[in-house]
Structures are given as structure tokens and as C-alpha cells.
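Visitor: Here the protein sequences line up with chains B and R, keeping their order.
Here our numbering is used: the first residue of the first sequence is 85, the next is one more, and so on.
Here our numbering is used: the first residue of the second sequence is 85, the next is one more, and so on.
Even for Gly, the Cβ is constructed at its ideal location relative to N, Cα and C.
No experiment lies behind these values; they were computed from the predicted model shown.
Number of protein chains: 2
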Amino acid sequence: MELSPTAKVICGMIAFGRRTGYEIKQFVDKTTSNFWSASYGQIYPELKRLEDQGLVVGREEPTGERARTVYDLTPAGQAALEEWLTADRVLIDESRDEGMLKLFFSDVVPEQRIENIRAMRAVHERKLAVLRGIEEQTRFVRTGPYLTLQLGIGVTEFVINWCEETERRLLAEES
Amino acid sequence: MELSPTAKVICGMIAFGRRTGYEIKQFVDKTTSNFWSASYGQIYPELKRLEDQGLVVGREEPTGERARTVYDLTPAGQAALEEWLTADRVLIDESRDEGMLKLFFSDVVPEQRIENIRAMRAVHERKLAVLRGIEEQTRFVRTGPYLTLQLGIGVTEFVINWCEETERRLLAEES
DNA sequence: ATCCTCATGTAACCCGTTACATGATTAA
DNA sequence: TTAATCATGTAACGGGTTACATGAGGAT
Numbered sequence: 085m086e087l088s089p090t091a092k093v094i095c096g097m098i099a100f101g102r103r104t105g106y107e108i109k110q111f112v113d114k115t116t117s118n119f120w121s122a123s124y125g126q127i128y129p130e131l132k133r134l135e136d137q138g139l140v141v142g143r144e145e146p147t148g149e150r151a152r153t154v155y156d157l158t159p160a161g162q163a164a165l166e167e168w169l170t171a172d173r174v175l176i177d178e179s180r181d182e183g184m185l186k187l188f189f190s191d192v193v194p195e196q197r198i199e200n201i202r203a204m205r206a207v208h209e210r211k212l213a214v215l216r217g218i219e220e221q222t223r224f225v226r227t228g229p230y231l232t233l234q235l236g237i238g239v240t241e242f243v244i245n246w247c248e249e250t251e252r253r254l255l256a257e258e259s
Numbered sequence: 085m086e087l088s089p090t091a092k093v094i095c096g097m098i099a100f101g102r103r104t105g106y107e108i109k110q111f112v113d114k115t116t117s118n119f120w121s122a123s124y125g126q127i128y129p130e131l132k133r134l135e136d137q138g139l140v141v142g143r144e145e146p147t148g149e150r151a152r153t154v155y156d157l158t159p160a161g162q163a164a165l166e167e168w169l170t171a172d173r174v175l176i177d178e179s180r181d182e183g184m185l186k187l188f189f190s191d192v193v194p195e196q197r198i199e200n201i202r203a204m205r206a207v208h209e210r211k212l213a214v215l216r217g218i219e220e221q222t223r224f225v226r227t228g229p230y231l232t233l234q235l236g237i238g239v240t241e242f243v244i245n246w247c248e249e250t251e252r253r254l255l256a257e258e259s
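(1) Taking only the alpha-carbon atoms, compute the straight-line gap between residue 152/R and residue 132/R and give it to the nearest angstrom.
(2) Using CA coordinates, which residue listed in 142/B, 150/B, 149/B and 147/B is at the minimum distance from residue 157/B?
(3) Any idea what DSSP makes of residue 90/B, helix, strand or coil?
(4) Between residue 105/B and residue 128/B, what straight-line distance do the alpha-carbon atoms span, to the nearest angstrom?
(5) Can the beta-carbon of residue 181/B be found closer than 9 angstroms to that of residue 176/R?
(6) Rounded to whole angstroms, what's the CA-CA distance from residue 89/B to residue 165/B? Just pull it up for me.
(7) Report all residues from its chain with a CB closer than 6 angstroms to the CB of residue 85/R; omit the five preceding and five following residues, and keep chain order.
(8) Enumerate in chain order the residues of its own chain whose CB-to-CB distance from residue 96/B is below 7 angstroms, with the five nearest sequence positions on each side excluded.
(9) What separation, rounded to the nearest whole angstrom, lies between the Cα atoms of residue 138/R and residue 162/B?
(10) Is the separation between the beta-carbon of residue 172/R and that of residue 203/B shorter than 9 angstroms?
(11) Nearest to residue 238/B by CA position, among 236/R, 235/R and 242/R, is which residue?
(12) Counting along the chain, where does the alpha helix (DSSP H) carrying residue 210/B start and finish?
(13) Mind checking if residue 114/B is an interface residue toward chain R, Cβ cutoff 9 angstroms exclusive?
(14) Rounded C-beta distance between residue 205/B and residue 248/B? I'm assuming under 8 angstroms.
(15) Which chain B residues sit within Cβ distance under 9 angstroms of residue 176/R?
(16) How about residue 140/R: is its C-beta nearer than 9 angstroms to some C-beta of chain B?
(17) Between the region 214–222 of chain R and the region 179–196 of chain B, do three or more beta carbon pairs fall short of 8 angstroms?
(18) Need the endpoints of the beta strand (DSSP E) that residue 157/R sits in, please.
(19) State the start and end residues of the unbroken alpha helix (DSSP H) segment that holds residue 133/B.
(20) Is the CB-CB distance between residue 228/R and residue 215/R below 9 angstroms?
(21) Should residue 85/B be flagged as near chain R, meaning a C-beta pair shorter than 9 angstroms?
(22) Would you list the one or two residues that DSSP bridges to residue 142/R?
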């Protein structure tokens, strides 16, 4: 059973512990959103589809009067997840970085170039602060999340340094 | 006139020199695809819309019997492009990196972790080779494309190094 | 001749976000 | 008591990819 893009995060998150749709969204925002995000508009319908396909089971566990469905992986779901994780297929690798695009076209308005780089740096500084926050408040029982966080931090720092150096260099060249 | 996402690359590419839809696609693939891509299915309809909005003008310049429409920016198009480049708005920053997602969930199948990292490295090594190819075969009169290429190369190298180091570390810890 | 590149386009589909709607529970 | 958080959902919309269709020109 081939997993759809969003099914990959959903099943992975459930494999890390039974969860509600709401919790899946929280975890995605807190942990993978840097390289893989998901919205409620995808998560809830996808959970239904996964249940139809027999990859997950939802159990009603309301909090008082408040409806609440907790999902578990079925053996088929676990198998599909493992198949995906071990398969040697072409990996999705998409990115849309408007800061980079503006820098690319910055010769159209050259006076703005330094400003473009500063804006890029600001984006990455905010990102770094978020990642550092996660780093602090999380106990890493699992290595996967730890590794991706470290790589995320490393790349972000690299970009910030590059922005700083480039800004300095461009300012020096101006004079 | 607010530019749609795809209109940003299209107008930028035309600002760098009058082009056909086909040429825009070639340039995008060769230069920005690392952080911003576009398909024919977007480019041709978008060029029509931009012409309706008066931001570009298409001129018929066939090659013999072969139809060919070359686009130029109108003053309004140039203005819209400059407005976008100078505006201080929230920047689109999206990414979907399946290699990272697999690494994140690699505790589900821990024996596979090293393999996941190798696959990630392979992706980035291919990417680096492509970027280095562009670096060689291109004369950089313009700084924007040069800067984004350098940053792309730097980040890619950083990721490759991280993968190598992490792989070594994990192998050492195994024993 | 044949194949690659140039060149333009569209239709079906997939996917995903945004905004909205609703309501219970808990913390301040 | 009021605001934040927990919790579930959907409909409209926008955007983008893939696959297909077509054909001319240039190179081998």
C-alpha cells in the first residue's frame, strides 16, 4: 500500500505514539514543519482515508463531552510505513524560497540587494530561535528527531553566517 | 498589481532579457530550480494572464514556419516587478524534503538509519554536481545569480559534510 | 531517415491552504 | 467570566504537476 505524501507524516507520527488529529498537527508544527508541514484540511480527511484503507484505526476516547478520536496504526499501516522507510525510491525534494528568488533577481533593483540579504537573514534568525527553543525544551529519547533538528540548526546557522559575510563584503565593495 | 507566485519568476526572467515561454522554462530549470521551479502547465497560461493584465507583451517572432512568441515587460510589468523586489512582505518559505522526513522517523526502523543518511547524501551530491556544472559553464555578469549559486553550493556542501560526519559517528557508536 | 531540440499548449488530476463553523474544557 | 487550548471538521479556492498532443527545424 503506497502512502500518499501526507499519509507519510501522519503514519510516522502515529508510530511514535497513538494520537488524535489535533495532536498530529501540533507535533508536525513543533518538529517537522521546517522540512515537512501539514494542515488540518489535509490531516482529518487523510485520517478517514487511511482508516478506509485499513492502515489506521480510530478509537473514540472523548474528554467528558468533547469528542476525541485517537488513532493507532494497524499491522498493515505499520508495514506500509516500514516499506516506505526502507524503500529506495526517488525522494521528494521541493522548495520555494522567496528570499532566494528576490536575491536572484536583485540586479533589477541593485540598491535593494543588501536589504534583500538582511531580510533573508532575519527569516533564518527567527527560524534558528525556534529550533533552539525546541532543542531546549525537548528530551530526545529518539535519535531521528534529534538528528534532523541538529542538521536544521546547522544549515540555518550556515545561511545566517553567509548572509553576514556577504553583506559585509558587498558593503566593502561599494566604497 | 500584486504578482502571483509564478508571475514572480516569469517577470524576473523576462526582465533579465526578452524570452519565449520555452526559454523561461529552460532558464528556471538551469538557474532557480534549486529554490523555485515552474512547469509549462503554469508558464504558458500565466503568460496569457500577464498579457491580459498588461504586465507583459508578446510579439510573434516565428522561426520559419514554427510559431514563436517572445515576451517583453511593459512599464507596468517592470513596476510590478520592482514593487515586489523592494516590498517588505512576509517571504514564502516552503520546503518538502522526504530525506529529512525519513531520517526523522528512522527510529521506526533503526537498522535503516545509516542507509537513510546515505540516500540523503547521494541526493545532495547529485545536486552539488549540477550546481558546479552551472558554475563552470556560466559567465556571471550579474551578481544575483552568482550569489544564489554560491549560497546553494555552500549549503549543499554543508549537508554533505554533515551526512558524512554523522554516518561515521553512528558507525563508531554501533561498535 | 531519424532523433533531438525548439516551441506551444491543454485537460485531468492531485494536493494543499485558508477560512469558516462549532463547541467543550481548562487556566487565569 | 473570559480567554486560551483542545478538538473536529468542511467547502471554496488556488495553485501546481503530469501526461498528452502537435509539429517545425536542425543535427547526425
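Guide: On the basis of the supplied data:
(1) 14 angstroms
(2) 142/B
(3) helix
(4) 6 angstroms
(5) Yes, they are a contact pair.
(6) 12 angstroms
(7) 164
(8) 165
(9) 54 angstroms
(10) yes
(11) 242/R
(12) 197–221 is the span of the alpha helix (DSSP H), which, as asked, contains residue 210/B.
(13) No, residue 114/B lies away from the interface with chain R (no Cβ there is under 9 angstroms from its Cβ).
(14) 7 angstroms
(15) 180, 181, 182, 183 and 185
(16) Using a Cβ-Cβ cut-off of 9 angstroms, residue 140/R does not count as an interface residue toward chain B, since no Cβ of chain B sits closer than that to its own.
(17) no
(18) Its beta strand (DSSP E) spans residues 153–157.
(19) 124–136
(20) It is not a contact, given that the beta carbons lie outside the stated cut-off.
(21) No, because no Cβ of chain R sits closer than 9 angstroms to the Cβ of residue 85/B.
(22) 155/R
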